[in-house]
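In terms of the UniProt record's numbering, the sequence shown has 52 at position 52, counting the first letter as 1, and numbering is strictly consecutive.
Built from N, CA and C at the ideal position, the CB exists for glycine as well.
Here the structure is a predicted model, which is why all the values come from computation and not from measurement.
Shown next, in structure tokens, is the structure this report addresses.
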Amino acid sequence: MTGEDRPIPVVDDDSRDFWHGGAQGQLLISACTACERLFHPPARICPGCYSRSIGSRPVSGRGTVETYTVVRRPWVPGYEPPYVVARVVLAEQPDLHLLTNVVDCDVEAVTTGMEVEVAFEQRGDVFVPMFRPVP
């Protein structure tokens, strides 16, 4: 996937692993080394135990569509409607969510509960995780 005409996310020290992990085909999620909680978006402090001992960990890249909407009007430059914006629950933890796009399928085929897997779209040196239906 390529997305040269789409906005490029701002990368900072907290989010670098998340945005660059796709170069190796890995979805890297922030992880607390004190309590082992996974969390997103990336932050310097664990939202569970408030530890500052934060790293990142590769996850399976599999999840389930919790909810979604189909965008049918032009909204963001580079995204041609219709497209799906979804909240995906990652398989590793029930409170680990990503707000993302579901791609590689007809927008009418997306359903709540659909099993999906990560697919990266490169934008410059950033790899944006999107999700596609599990075959």
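Looking at residue j and residue i, is the spacing between their C-beta atoms short of 8 Å?
i	j	result
A43	V65	no
H97	V89	yes
L99	R57	no
V107	R132	no
Label residue i either buried or exposed according to how many other C-beta atoms from any shown protein chain fall within 10 Å of its C-beta, with 16 as the threshold for buried.
i	result
G78	exposed
Q26	buried
C19	With the sequence shown as reference, residue 19 is identified as Trp, and Cys is not the correct amino acid for it. So W19 ends up on the buried side.
S30	buried
G21	buried
Check each candidate in the options and name the one with the smallest Cα separation from residue i.
i	options	result
P94	S51, I54, P58, R62	R62
F127	C49, A23, D14, N101	A23
V10	V134, P135, S60, R123	R123
With DSSP as the reference, please indicate the residues paired to residue i in a beta bridge.
i	result
residue 207	Missing from the structure shown is residue 207; the chain here goes from 1 to 135 and no further.
For residue i, report the span of its beta strand (DSSP E) as first-last.
i	result
R73	First-last for R73: undefined, no H or E at that position.
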